[in-house]
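If you want it as structure tokens, here you go:
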């Protein structure tokens with residue numbers, strides 16, 4: 052991936068002029084633009100790993116896979132949040148790891164953790180590097196040095212169990228690679244978050260990924276985890292009453308309780324039939340009611356997204372269709388057997404039709420949405436040099452709490468990011484629906500002020516406080532990382548934190564595993 | 052419930068003569084019969100609670116709700132496993148709690164735990180008392196005294212959220228009571244294990260209940276847990292990426308990590324349409340393939356049960372139908388909208404029809420099975436005085452591992468329980484199916500030898516070792532309790548156990564919460 056942007060370097064992406072025109076008109080001119088320094092202009096502080104530990108690590112992984120070169124260290128300095136990119140573009144990269152180690156198998160990971168545990172060297176697991184919450188920042192905690200533990204060499208499809216419909220995948224495998232391997236056999240993981248071209252199986256597991264096709268946590272059957280105290284293997288059966296589900300303790304542990312090296316996942320057959328459609332609701336409340344009823348009717352869709360009025364308007368204004376409809380657009384994506392898709396479409400028609408009293412709108416709208424979906428992160432990169440900052444934040448709550456949460460977070464973002472009389476652009480969509488609630492994903496676009504980093508930090512803090520105060524979870528699918536740590540006390544309470552701390556002490560007595568993440 | 056049998060005292064149940072004839076013929080006459088002593092003939096050792104602790108507990112719950120009378124203590128001596136009943140019928144009740152406390156709300160539970168934590172008195176949470184694995188045995192661990200903490204007074208439906216389709220229920224509420232309250236509003240929990248007349252919401256949560264309608268764990272949205280270190284509240288949203296899912300740590304914690312006092316559960320509308328049907332497969336392998344394909348096709352059924360040849364034969368032989376079909380019977384129960392039921396039936400027809408090449412068998416078979424389902428535990432009671440012992444044990448594994456696991460456990464039960472040339476009756480059914488695997492539930496019927504307790508203990512140990520050796524989980528839906536503790540090391544490994552022990556120390560530093568259960 053590019054060191055200072057999303058995606059592969061040189062990925063062709065041209066910013067539509069309609070977008071810039073629109074932003075100029077709504078947000079006015081920025082105070083500054085964000086141009087990146089050149090890679091060679093970034094200076095990293097020298098590595099500070101104890102020589103004996105470096106020697107031991109080289110012995111374990113082989114000298115070729117122990118890296119201290121500038122280029123490799125720079126590429127392991129953090130993830131891909133707006134703040135990450137702003138910092139890196141400015142050349143401020145204080146946090147590069149002292150070394151990057153690339154173990155070749157589970158046993159090497161296990162040995163690396165033992166050495167680092169003994170040496171007091173922080174270990175920061177690194178998968179696809181797409182964290183939006185500081186999850187792969189090489190924080191040192193109380194230690195002098197940190198290594199990034201890059202899982203990129205653990206990328207095998209270990210075995211496929213076609214009877215149980217499960218696959219054993221090494222943690223460093225990218226989803227895009229896993230999909231290629233599985234698609235060739237007529238199978239799919241069915242978990243494709245926006246980051247799927249880069250993100251890894253281990254990353255999904257460690258961060259409780261929710262792709263557009265469902266929660267990854269529900270797909271994980273078993274996993275192997277390396278810890279400084281030894282190997283943990285969890286998941287003997289699809290379901291068990293043999294005590295707490297320790298899979299669910301490792302899902303979301305973000306490298307603080309161990310390094311996931313292998314995951315057994317459920318696989319699905321490639322769907323026989325798919326269909327996408329778009330619906331327009333008169334307003335947000337009506338749209339929320341409609342998608343709630345669909346979820347509660349048990350209609351299984353592969354993807355369902357409901358945009359609020361602002362997002363619907365902006366997408367249409369900057370999109371190819373040009374036409375900006377009034378109301379809230381929902382995109383529904385069905386997949387499965389032909390009969391399943393037909394029944395699901397009929398049920399949607401009944402539920403949505405009754406509320407809206409209309410047919411689905413042109414299906415090109417749904418297709419265009421899907422096409423844009425993977426481009427969004429590139430759009431963010433392209434806006435920076437023009438002085439516009441785009442970022443997302445997300446939460447989830449029960450259906451009852453959702454309308455007030457939506458209003459409160461939107462209001463708070465607008466008030467904390469207003470520039471004089473110009474409010475920021477705040478867009479929102481429901482990205483995942485459940486029978487009992489849903490997630491809200493906010494996109495914010497602002498014109499850069501002179502200190503864009505603190506400009507965004509202030510807004511993020513205000514939004515987080517508002518989410519916590521209104522009963523939402525601080526994150527539905529981006530994980531905690533470093534950025535959400537301040538809200539974990541409100542999320543799980545003091546007793547919950549003590550349980551997490553105790554679990555950590557049990558597997559990581561010296562505390563070297565990803566310090567500063569997840570657990571305050 | 053009766054002190055020495057399943058269910059309410061005096062529950063009318065007449066043992067069909069066909070059953071005894073059949074058992075005589077197959078198993079021969081027993082060496083002894085099991086007659087229960089009278090309640091007044093059981094002698095309990097005197098309570099040994101420190102007087103100051105007793106006074107504090109009376110202050111907290113009120114003197115009326117602090118019980119040391121013989122009758123109440125006797126009814127809190129354990130659960131309803133075969134071993135429990137054999138011990139109690141023989142008058143051997145060494146383990147009665149020193150007192151039974153009945154707190155009236157969460158705060159009282161919290162205070163009781165603090166007092167017991169300080170006094171070094173073991174606390175054994177008690178819900179419906181239906182444990183089949185020693186989960187409510189008042190073991191003392193290192194302590195001199197134990198109190199049973201009976202949640203029977205926490206039985207309110209606290210609130211219903213009709214928008215989010217969730218209900219807040221106090222932990223001591225029986226499912227049968229919850230269903231009555233919900234059914235009146237057109238709703239249902241949709242979790243009806245065989246014990247549902249007696250078992251409680253808190254019990255389901257603490258033991259990871261799997262009713263015939265699905266896993267209870269998937270229905271739990273939030274919970275409140277009292278611990279000696281304070282209150283834990285988990286579950287802010289239907290799904291969250293804010294670290295490990297602590298709900299899943301409390302689900303299955305069996306009173307060792309805290310006392311669950313309130314649970315927020317998903318509710319369903321009462322189904323518009325239901326249908327039950329039965330299918331006959333030529334053999335076990337064909338039946339397993341068929342139900343696997345059904346689960347993997349994503350067909351949602353409310354209940355699916357596949358009996359092996361022996362269970363199919365025995366059920367028919369002792370049932371009213373009289374006809375013993377050759378093969379393996381599957382019962383499928385559908386519920387939902389009329390369209391959903393119709394589509395699910397069509398899909399079943401396509402999958403089963405292709406494999407079996409036949410129509411469903413008479414639906415009276417399915418109806419009879421459902422009718423018998425709740426009677427089975429009463430049948431076990433009725434067999435004891437005739438000298439026949441019946442018990443169940445269960446496991447789950449991936450589809451790939453299931454055939455070998457089935458054979459190994461069956462063989463081991465038959466060899467360890469053979470009386471001369473007469474093997475025991477060993478029946479098995481698949482009780483829950485998942486896309487990636489299924490559970491196996493074994494029923495064993497034997498003629499009592501002179502020491503029936505050690506007769507069954509030997510068989511259980513042999514079966515447990517076989518399950519662990521063949522990759523199954525030691526329990527899919529009965530929990531660990533005291534009886535499955537010896538296999539927890541194989542279940543989660545040493546690192547897994549250390550995590551559980553650490554979590555326990557964090558919330559229960561003196562170790563008073565349900566000692567001897569779950570964690571070796």
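Chains as they are written, first to last, in my numbering: chain P, 52 to 571; chain R, 52 to 571.
Glycine residues also receive a C-beta, built at the ideal position from the N, C-alpha and C atoms.
{"Check": "Determine the closest residue to residue 292 of chain P out of R/303, R/445 and R/292, with distance taken between C-alpha atoms.", "Outcome": "R/303"}
{"Check": "Kindly say whether residue 512 of chain P, judged by its beta-carbon, lies nearer than 8 Å to any beta-carbon of chain R.", "Outcome": "no"}
{"Check": "What does DSSP give as the partner residue(s) for residue 327 of chain P in the beta ladder?", "Outcome": "P/384"}
{"Check": "Inspect the beta-carbon positions of residue 553 of chain R and residue 556 of chain P and report whether they are closer than 8 Å.", "Outcome": "yes"}
{"Check": "Between residue 464 of chain R and residue 510 of chain R, which are expected to be in contact by the criterion C-beta below 8 Å, what is the C-beta distance as a whole number of angstroms?", "Outcome": "6 Å"}
{"Check": "Please tell me whether residue 449 of chain P has its Cβ less than 8 Å away from any Cβ of chain R.", "Outcome": "yes"}
{"Check": "Contact defined as beta carbons within less than 8 Å: I believe residue 218 of chain R pairs with residue 316 of chain R. What is the distance between those atoms, to the nearest angstrom?", "Outcome": "6 Å"}
{"Check": "Looking only at its chain, what residues have a beta carbon closer than 7 Å to the beta carbon of residue 514 of chain R, apart from the 5 residues adjacent to it on each side?", "Outcome": "444, 460, 463 and 464"}
{"Check": "So which residues of chain R does residue 182 of chain P contact, with C-beta pairs closer than 7 Å?", "Outcome": "Chain R residues near residue 182 of chain P: none, gap ~11 Å exceeds 7 Å."}
{"Check": "Under a three-way DSSP split, which group does residue 174 of chain P fall into?", "Outcome": "strand"}
{"Check": "Could you check which residue in R/389, R/361, R/364 and R/268 has the C-alpha nearest to that of residue 324 of chain R?", "Outcome": "R/389"}
{"Check": "Does DSSP classify residue 317 of chain P as helix, strand or coil?", "Outcome": "strand"}
{"Check": "Provide the residue(s) that pair with residue 492 of chain R in DSSP beta bridges, ordered along the chain.", "Outcome": "R/445 and R/480"}
{"Check": "Can you tell me whether residue 342 of chain P is helix, strand or coil according to DSSP?", "Outcome": "helix"}
{"Check": "Tell me which same chain residues have a C-beta within less than 8 Å of the C-beta of residue 337 of chain P, skipping the five on either side of it?", "Outcome": "379, 406 and 407"}
{"Check": "From the beta carbon of residue 219 of chain P, is the nearest beta carbon of chain R less than 8 Å away?", "Outcome": "no"}
{"Check": "If we count the other Cβ atoms within 10 Å of its Cβ and call it buried at 16 or more, is residue 260 of chain P buried or exposed?", "Outcome": "buried"}
{"Check": "What residue range does the alpha helix (DSSP H) around residue 72 of chain R cover?", "Outcome": "68–78"}
{"Check": "Under 8 Å, Cβ to Cβ, is there at least one residue of chain P near residue 385 of chain R?", "Outcome": "no"}
{"Check": "Using alpha carbons as the reference points, say which of P/258, P/368, P/343 and P/236 lies closest to residue 356 of chain P.", "Outcome": "P/343"}
{"Check": "Tell me the start and end of each unbroken alpha helix (DSSP H) in the region 406–472 of chain R that is at least 4 residues and wholly inside, in chain order.", "Outcome": "414–424, 427–434 and 453–468"}
{"Check": "Which residues of chain R have a Cβ atom closer than 7 Å to the Cβ of residue 478 of chain P, listed in chain order?", "Outcome": "Residues of chain R passing the Cβ test: none, with the nearest at roughly 21 Å."}
{"Check": "For the alpha helix (DSSP H) that contains residue 216 of chain P, what are its first and last residues?", "Outcome": "Residue 216 of chain P -> no alpha helix (DSSP H), and no H or E assigned at all."}
{"Check": "Taking only beta-carbon positions, decide if residue 494 of chain R is within less than 8 Å of chain P.", "Outcome": "no"}
{"Check": "Which residues in chain P have a C-beta closer than 7 Å to the C-beta of residue 283 of chain R? List them in chain order.", "Outcome": "544, 546 and 547"}
{"Check": "Hey, would you say residue 301 of chain P sits closer than 8 Å to residue 318 of chain P, going by beta carbons?", "Outcome": "no"}
{"Check": "Taking buried to mean at least 16 other C-beta atoms within 10 Å of its own C-beta, is residue 182 of chain P buried or exposed?", "Outcome": "buried"}
{"Check": "Cβ closer than 8 Å: which chain P residues qualify as neighbours of residue 457 of chain R?", "Outcome": "Correct list: empty, because the minimum Cβ distance to chain P is about 14 Å."}
{"Check": "Could you tell me the distance, in whole angstroms, from the CA atom of residue 331 of chain R to the CA atom of residue 411 of chain R?", "Outcome": "7 Å"}
{"Check": "Tell me, please, whether the region 429–436 of chain R touches the region 82–94 of chain R by the rule of three or more beta-carbon pairs shorter than 8 Å.", "Outcome": "yes"}
{"Check": "Given residue 78 of chain R, which residues of its chain have a CB within under 8 Å of its CB, disregarding the five upstream and five downstream residues?", "Outcome": "439, 470, 473, 475, 476, 496, 497 and 498"}
{"Check": "Just to confirm my understanding: we take residue 209 of chain P, look at its own chain, exclude 5 residues before and 5 after, and list those with CB closer than 6 Å. What are they?", "Outcome": "219"}
{"Check": "For the region 324–348 of chain R, enumerate the residues whose C-beta is nearer than 8 Å to any C-beta of chain P, in chain order.", "Outcome": "343, 347 and 348"}
{"Check": "Counting only the same chain and skipping the five closest in sequence on each side, list residues whose C-beta sits under 8 Å from that of residue 558 of chain R.", "Outcome": "278, 279, 280, 283, 308, 309 and 564"}
{"Check": "Whole-angstrom Cβ separation of residue 494 of chain P and residue 478 of chain P, contact assumed at under 8 Å?", "Outcome": "4 Å"}
{"Check": "Beta-carbon separation of residue 297 of chain R and residue 130 of chain P under 8 Å?", "Outcome": "no"}
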